[in-house]
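Reviewing the structure listed below.
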Amino acid sequence: MIRSWKENSSSVNILRVWLGVTWIFAGWNKATDAGFLDPASAHYIGAQLTGYVASSPIGFILKHMVEHATLIGWSVMIGEFAIGIAILAGVAMQLASIAGAGMTLVLWLSATWSVKPYFLGSDTAYLIMWIALFFALRTSARGLRRNALIPNFRDRRETLRMGAVGALAIAGGFLGKAFVNASPTPEMGSAITTLDALAIGQTLKFKAADGTPAVLFRTKAGVFAYSRVCTHQGCIVDYDAASHLLACPCHGAQFDPTAAGKAVAGPTQVALPKINVAVKGNNIVQI
Ligand code: FES
C-alpha cells in the first residue's frame, strides 16, 4: 500500500525528499557517465573497486567483486534508482530504507573508510539518515498490516507497484545512456598545444582522446600528462603550484606528478593514470 505524505511527520517527509532525490540523482549520475561502465575509462567502476581494496576493511570481498565490476555497476545504478523512486512514491519504504542503509554501509567501508576525520566523508551521515528513517517508519507503522516490513506479494496491487518501481528504475538506467555527454574530443595524434605556447615549468589542462580530463606538464625533462580523474571516487584533481602536487578537493588525495602520478596522501593508494604524449615538431600530441 502506498503511504501518503500526509500520513508521515514533517521530519520523516524531509528525510524522504532528501534521500529519495539524492538516490535518484546518484543513479542518474552513473547512467549519464560514459566511463562508469567502460573498462577503458579511468573512472570505470572496476578501477574504483580496485582502488578501495588496499585501504578498505572489506578489501578481501571487494577484490572478488572486481571481476564482476560491470554487473555490480549496473546493479548499483538500478538499485539507486529503485530505492529513490520507492522512497518518493511511498512504496515498500521500510524495505527501501534497509536497502539504502546497506548500500551506504558498503560505500562507507570501501569508498570513504580512509577519510579523516570521519565527518568529512558523507556516507556516515547518510547511514544515520537511513537508519533514522527506517525506525521512524517502523514506529509509525506499528499495528498497521498495510505498513508491514515485507511487501505482501499476494496483494496484486502491491506486486504491481513493486514491479512499476523496478521497471522505472531499469528505464532510468537506459534513459541516462541517451544523455551521455558526447562532446567532441581531440583525435589521437592531433596537437594538444605547441612548444611555443607551453613554456618549461607550465601546465595545461586538456581533454584526452577518450574525453578524460587531463593535465599536461612541460619540464626540463620533457612532456608528460596524467588523467585528472581522482582514483578514489572520481573527483577532478587540480595542480597545486605551491606544493607541486595534484590535489583532489573531495577527500584530500594528493598525487606526485614527478613520481609517475603516485598517490602520496589521502584515501587512495592508486596512482593517477598516465596519458601518453610526445613532441612532434613544434607540437605536443597525444600518442
Ligand atoms: S575523490 Fe576522494 S580523494 Fe579524490
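Under the numbering used here, the sequence shown has 1059 at position 250, and the numbering climbs by one with no breaks.
Every residue gets a Cβ at the ideal spot worked out from N, C-alpha and C, and that includes glycine.
As the structure is a prediction and not an experimental result, all values here were calculated from the model.
Within 10 angstroms of its Cβ, does V1088 collect 16 or more other Cβ (buried), or is it exposed?
What you label residue 1088 is simply residue 279 of the sequence shown in a count that begins at 1. The Cβ neighbour count for V1088, taken over all protein chains shown within 10 Å, is under 16; the residue is labelled exposed.
Sort N1085, W827, S1052 by Cα distance to W939 and report the nearest one.
Reading the sequence shown from its first residue, position 130 is the one you call residue 939. Closest option to W939, Cα to Cα, is W827.
According to the neighbour-count rule (16 or more other Cβ atoms, all chains shown, within 10 Å of its Cβ), is P848 buried or exposed?
To locate residue 848, count along the sequence shown from 1; it is residue 39. Sixteen is the threshold: since fewer than 16 other Cβ atoms of the shown chains lie within 10 Å of the Cβ of P848, the residue is exposed.
Can you tell which of P1066, D1047, A1051, D1065 has the C-alpha that lies nearest to the C-alpha of C803?
Past the boundaries of the shown model lies residue 803; the chain is included only from 810 to 1096, so the question cannot be answered.
Completely contained alpha helix (DSSP H) runs for the stretch 915 to 982, where each covers 4 or more residues:
As far as the stretch 915 to 982 is concerned, its whole alpha helix (DSSP H) runs of at least 4 residues are 931 to 949.
Tell me whether P1082 counts as near ligand 1, meaning its Cβ is closer than 7 angstroms to at least one heavy atom of that ligand.
On the sequence shown, position 273 is the one that residue 1082 refers to. Relative to ligand 1, even the nearest heavy atom lies 7 angstroms or more away from the CB of P1082.
Rounded to the nearest angstrom, what separates K1014 and V1024 at their Cα positions?
Walking along the sequence shown from the start, residue 1014 turns up at place 205. Walking along the sequence shown from the start, residue 1024 turns up at place 215. Taken atom to atom, the span from the alpha-carbon of K1014 to that of V1024 is near 4 angstroms.
Endpoints, alpha helix (DSSP H) assigned at V1079
Within the sequence shown, residue 1079 is the residue found at index 270, counting from 1. It is not in any alpha helix (DSSP H) - V1079 carries neither H nor E in the DSSP assignment.
For L771, report the span of its beta strand (DSSP E) as first-last.
Because the chain here runs from 810 to 1096, residue 771 falls outside it and cannot be looked at.
Local conformation of I1009 per DSSP, three classes:
Along the sequence shown, read from residue 1 onward, the residue named residue 1009 stands at position 200. Per DSSP, reduced to three states, the secondary structure at I1009 is coil, with no helix or strand assignment.
G888: beta carbon under 7 angstroms from a heavy atom of ligand 1?
Here residue 888 refers to the residue found at position 79 when the sequence shown is read from its first residue. G888: no, Cβ never under 7 angstroms from ligand 1.
Got a sec: does ligand 1 put a non-hydrogen atom nearer than 7 angstroms to the Cβ of Q857?
The count along the sequence shown starts at 1 and reaches residue 857 at position 48. Because no heavy atom of ligand 1 lies under 7 angstroms away, the Cβ of Q857 does not count as near it: no.
With respect to 7 angstroms, is the separation between the Cβ of H1041 and the closest non-hydrogen atom of ligand 1 below this value?
The residue you call residue 1041 lines up with position 232 of the sequence shown. Relative to ligand 1, the nearest heavy atom lies less than 7 angstroms away from the CB of H1041.
Please state whether DSSP places F988 in a helix, a strand or coil.
Here residue 988 corresponds to residue number 179 of the sequence shown, with the count starting at 1. Looking at F988 - three-state DSSP - the assignment turns out to be coil, as it is neither helix nor strand.
Measuring only from the beta carbon, is G1075 closer than 7 angstroms to any heavy atom that is part of ligand 1?
In the sequence shown, residue 1075 corresponds to position 266, counting from 1. Yes, Cβ of G1075 sits closer than 7 angstroms to a heavy atom of ligand 1.
Is it a yes or a no for the stretch 852 to 860 touching the stretch 870 to 887, going by three-plus beta-carbon pairs under 8 angstroms?
Taking 8 angstroms as the limit for Cβ pairs, the verdict is that the stretch 870 to 887 does touch the stretch 852 to 860.
Length of the line joining the Cα atoms of A1034 and T913
Start at 1 with the first residue of the sequence shown, and residue 1034 comes out as number 225. Start at 1 with the first residue of the sequence shown, and residue 913 comes out as number 104. Those two C-alpha atoms are separated by around 34 angstroms.
Residue range of the beta strand (DSSP E) that includes L1004:
Your numbering for residue 1004 matches position 195 in the sequence shown. No beta strand (DSSP E) contains L1004, which DSSP labels as neither H nor E.
Can you tell me which of the three DSSP states Q1095 falls into?
The sequence position of residue 1095 within the sequence shown is 286, counting from 1. Note: Q1095 maps to strand in three-state DSSP.
Looking at the strands, I want to know which residues DSSP matches up with S1036.
Position 227 of the sequence shown, counted from the start, is the residue given in the question as residue 1036. For S1036, the beta-bridge partners assigned by DSSP are A1023.
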